[in-house]
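Visitor: Below you'll find the structure I mean.
In our numbering, the protein residues as written are 415 to 537.
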């Protein structure tokens, strides 16, 4: 098997694994994203709306709106931090899987070549 074909098979397998992992992660994160996008942001906009009244000056309104963003910012920071931890774990694991795939491809090719040669399929 040529190196180019081996690389192509490896890349296709890794792409498939990557897509499957991405789909699984997105499925698991959908509830968190829904909570952040709707529940927390809805609360943020309600809070910010309440900050605007004629009895406050611009500085007080700005400070109030900034305080309202706290829960959303903290939630986003937690999600980003957890995703970074996951990626730090995931990359070495994918590298191991990639090495195993290459090993299996070479092993199968070797045995197929041997079988074809011993059965005179290949001259």
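We treat Cβ as the ideally placed atom computed from N, Cα and C, and that holds for glycine.
#1: With a CB to CB cut of under 8 Å and the five nearest residues on each side skipped, what residues in its chain are close to residue 422?
#2: On the three-pair Cβ rule with 8 Å, is the region 421 to 435 touching the region 460 to 474?
#3: Give the range of the alpha helix (DSSP H) segment to which residue 477 is assigned.
#4: Inspect the CB distances between the region 443 to 451 and the region 482 to 497 and report whether three or more fall short of 8 Å.
#5: Smallest Cα separation from residue 453: which of 483, 471 and 433?
#6: Do residue 435 and residue 508 have their C-beta atoms within less than 9 Å of each other?
#7: Please report the residue range of the alpha helix (DSSP H) in which residue 455 lies.
#8: With distances taken from CA atoms, which of 502, 511, 497 and 505 is nearest residue 442?
#9: Round the Cβ separation of residue 450 and residue 493 to the nearest angstrom and send it over; I've been treating them as touching at under 8 Å.
Guide: According to the structure data:
#1: Within the chain shown, residue 422 is the residue found at index 8, counting from 1. There are no such residues.
#2: no
#3: For this step, residue 477 is matched to residue 63 along the chain shown. 472 to 482 is the span of the alpha helix (DSSP H), which, as asked, contains residue 477.
#4: yes
#5: Here residue 453 is taken as the residue at index 39 of the chain shown, counted from 1. Considering only alpha carbons, the answer is 483.
#6: Looking up residue 435 in the chain shown gives position 21. Looking up residue 508 in the chain shown gives position 94. Closer than 9 Å, so yes.
#7: Counting from one through the chain shown, the residue named residue 455 turns up at place 41. From DSSP, the alpha helix (DSSP H) with residue 455 extends over 455 to 465.
#8: Locating residue 442 in the chain shown gives position 28, counting from the first residue. Answer by Cα proximity: 497.
#9: In the chain shown, counting from the first residue as 1, residue 450 sits at position 36. In the chain shown, counting from the first residue as 1, residue 493 sits at position 79. Between residue 493 and residue 450 the Cβ distance is about 7 Å, and since that is below 8 Å, they are a contact.
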